[in-house]
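Visitor:
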Amino acid sequence: MKSNPDARKFPWAALAAFALACLLALAPASVAPRVVARAAFDGDAGAESSATREGRLRIFDEVWEQVRERYFDPSMRGVDWQELRRSLRPRAAEARDESELYAVLTRMLGSLQDPHTRVFAPGESADWRVQRYVSVGVSVREIAGEVVVTDVERDSDAARAGLRAGDAVVSVGGEEAEDLIARRLAEQAAGMSAAERLLAVTRLFDGPRDSEITVAFRRDDGARERTVRLRREARTRTPSFEVRGATRGVRVVRFNVFTQEAAAQFARALVGELKGAHAIILDLRDNGGGEAEAMADFASTLLPAGLSLGRFTDREGRVRLEPTTRAVLLSTADSFARFHGRLVLLTNARTASAAEVFAAALREAGRASLVGEATCGCVLGIEQRHTLPDGGVLDISEMDYHTAGGVRLEGRGVSPDVSVEPTREDLRHGRDHALELAVEILKTTEKAE
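Right, dumping it as structure tokens:
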């Protein structure tokens, strides 16, 4: 594989604790979706300790000042940044441990209502390629006003306890799910955007590794609640890439993150197992983003060379990054065959970051139809990760994004051409209504041609 060491990156959003990792599914980890333009760090790690008052204040001041100087919006989204420093700095000074300090920092950054701008405590994994997280083993989302299990990880405590997709979570730790969501939103100092609420939902099971929590759930409407005790376990999620058949001539390609390897796999598949396909369904559901260069390689196999995939601009309005399609892929030295057949993209609320850029580009080019749900609306750019005095990591949204057609995606996402939302019934019976509809759309357009 041919890699680009200067590749600008959109780290995926693992939405939190169930999962998301936004970004955002994203896996069960408390990580918000974000975009990183290059995998670079600044600062000296570990020179300061959060165990002392002076150390905590230095860490707090570093976060506050870096955000003030580098945030993409000089107005700080209307937040009184000076007042926030005045009110929260004493709390940071009096924090009893690292966890309390980082809770204060998270609250400060949460006031920006931007899930991409956040901190990682020392030792907390910030690697978007291999996602390490603590989870009870379930992914959840809201459906028709209920918190519903969408996936149960194999060999997890949740699987051993008998939880299934389609179960409705009633309470966590003795607290009603809706009340806990409201508390998570307050802890994030968040607004009411879809992305912020999704993050709060995915944080329902947050807690320390190896700790336990009670979860009450209901299998069917009107059924008696069942309560189980689940252990939060350390888990790992790695990039995946899958090609499978849907019906004659139609293939489904699903991957959970844009990487150089995934782009190379897709290019190889186009001259291999996808060679005879007349239509492809690209499943971007729960894809939280990835590398900008890899995303551009994917787009280059589906669009003519030289097309803009949008622009990232800094707080001064200067264009800092404008990915384009290309005639030669960066992910592989091999020649590739551009696919000219029909395309349908499957999206949901956890389709985030680079995946949204990709979907918007194909939509604007008239190259693909979108089926499913609106995407996350999580498309701000991080140009450089900042290492804090204690070894923690700070991500700051330094760039805003607009499509080639001038559309801003942050906070609004990409809407589907055909809306399909999963139901508890679908989840209980393993039915993928969005995929079924995508296949029918391709069959209908084939007959029309």
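Quick note, the sequence shown lines up with residues 26 to 474 if you use my numbering.
No residue lacks a Cβ here, since even glycine has one placed at the ideal position from N, Cα and C.
If you're wondering where the values come from, they're calculated on a predicted model, not measured in any experiment.
(1) Can you name the residues that DSSP bridges to aspartate 425?
(2) Which one of Arg310, Gly274, Arg83, Val268 has the shortest CA to CA distance from phenylalanine 291?
(3) Going by DSSP in three states, glutamate 171 sits in which element: helix, strand or coil?
(4) Nearest CA to the CA of arginine 185: which residue from Leu255, Asp308, Glu73, Thr261?
(5) Looking at the strands, I want to know which residues DSSP matches up with arginine 269.
(6) Any chance you could list the alpha helix (DSSP H) runs of at least 4 consecutive residues sitting entirely within the region 313-386, in chain order?
(7) Going by Cα to Cα distance, which pick from Asp245, Leu229, Gly247, Pro115 is closest to threonine 239?
(8) Measuring CA to CA, which of Gly301, Thr142, Ser75, Glu125 is closest to tyrosine 96?
(9) If you draw a straight line from the alpha carbon of leucine 462 to that of alanine 225, how long is it in whole angstroms?
(10) If we call anything under 8 Å between Cβ atoms a contact, is glutamate 250 one with arginine 243?
(11) Counting C-beta neighbours from all protein chains within 10 Å, is the total for alanine 193 16 or more, i.e. buried, or is it exposed?
(12) Report the CB separation of alanine 146 from glutamate 125 in whole angstroms; it is logged as a contact under 8 Å.
(13) Since I believe leucine 327 is in contact with leucine 23 (beta carbons under 8 Å), could you give me their beta-carbon distance rounded to a whole number of angstroms?
(14) Does the region 296-304 come close enough to the region 271-283 to have 3 or more Cβ pairs within less than 8 Å?
(15) When the Cα atoms are used, what is the spatial distance from threonine 350 to arginine 310?
(16) Classify alanine 52 as helix, strand or coil using the three-state DSSP reduction.
(17) Distance check for arginine 410 and threonine 77, CA to CA, integer angstroms please.
(18) Could you pull out every residue in the same chain whose Cβ sits closer than 7 Å to the Cβ of threonine 338, ignoring the five residues on either side in sequence?
(19) According to DSSP, is serine 75 part of a helix, a strand, or is it coil?
Guide: This is what the structure gives:
(1) Thr338
(2) Val268
(3) strand
(4) Leu255
(5) Val277
(6) 317-325
(7) Leu229
(8) Thr142
(9) 30 Å
(10) yes
(11) buried
(12) Not confirmed; about 11 Å, so no contact.
(13) Only positions 26 to 474 of the chain appear in this structure, which leaves residue 23 out of reach.
(14) yes
(15) 23 Å
(16) Because the pLDDT at alanine 52 is just 39, under 50, the model does not fix this residue reliably, and the value given afterwards should be weighed accordingly. Alanine 52: coil per DSSP, three-state reduction.
(17) 25 Å
(18) Val344, Arg345, Met424, Asp425
(19) coil
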